[in-house]
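Read the structure below first, then the notes.
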Amino acid sequence: LISKIREEFPDRMMATFSVMPSPKVSDTVVEPYNATLSVHQLVENSDETFCIDNEALYDICMRTLKLSNPSYTDLNHLVSAVMSGVTTCLRFPGQLNSDLRKLAVNMVPFPRLHFFMVGFAPLT
1 LISKIREEFP
11 DRMMATFSVM
21 PSPKVSDTVV
31 EPYNATLSVH
41 QLVENSDETF
51 CIDNEALYDI
61 CMRTLKLSNP
71 SYTDLNHLVS
81 AVMSGVTTCL
91 RFPGQLNSDL
101 RKLAVNMVPF
111 PRLHFFMVGF
121 APLT
């Protein structure tokens, strides 16, 4: 899918949010294989990849939010808050990183090194 989008819109910046699996909180056996096989597509076709650690999501839910058994709804709420925080500069006026291209210029040292780890200050 990501390669098809790149073919249709080669001049547009593409940012992706990817949840990376963890062996401690794995639901299915094929999670590591899916992540390993998809990294190549992310390296080649994405301009910015924001990586979210699945184990860190569970830790935040259990330690900080005091949820004994976090559901996918809880995890998705955290991911949506992170996505909203990362894209705030795109939605509101400002001088720094006002679009994806400026963000890439400031954050990406080499074209293939465009993987970012996100943090959410009050919860981490």
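Note that the UniProt record's numbering gives residue 124 to position 124 of the sequence shown, counting from 1, and the numbers run on in steps of one. Ideal placement from N, C-alpha and C gives every residue a C-beta, glycine not left out.
Contact set for residue i: own chain, Cβ-Cβ below 8 Å, skip 5 residues either direction
i: Ala81; result: Phe120
i: Glu48; result: Met13, Met14, Ala15, Thr16, Leu100, Leu103, Ala104, Met107, Val108, His114, Phe116
i: Val79; result: Phe17, Val19, Ile52, Leu57
i: Ser98; result: Cys89, Leu90
i: Ser38; result: Ser18
i: Leu34; result: Checking the sequence shown, residue 34 turns out to be Asn, not Leu. Taken in chain order, the residues that qualify are Pro21.
Simplified DSSP assignment, three categories, for residue i
i: Val19; result: strand
i: Asp27; result: coil
i: Asp53; result: strand
i: Pro32; result: helix
i: Asn106; result: helix
Sub-9 Å separation of residue i and residue j beta-carbons
i: Val19; j: Asn45; result: no
i: Gln41; j: Ser71; result: no
i: Val25; j: Tyr58; result: yes
i: Met83; j: Phe50; result: yes
Cβ shell of residue i (< 7 Å), same chain only, five flanking positions each side left out
i: Leu65; result: none
i: Leu67; result: Cys61, Asp74
i: Ser22; result: Asp53, Asn54, Glu55
i: Arg6; result: Met14, Asn45
For residue i: DSSP bridge partner residues
i: Glu48; result: Ala15
i: Met83; result: Answer by DSSP bridge pairing: none, since Met83 is not bridged.
i: Met117; result: Cys51
Exposure of residue i, with buried meaning 16 or more beta-carbon neighbours within 10 Å
i: residue 147; result: Given that the chain is displayed from residue 1 to residue 124, the structure contains no residue 147 and the question cannot be resolved.
i: residue 132; result: The structure shown does not extend to residue 132, since the chain is modelled only from 1 through 124, so no value can be given for it.
Cβ neighbours of residue i in the same chain (closer than 6 Å, five flanking residues each side left out)
i: Val43; result: Arg112
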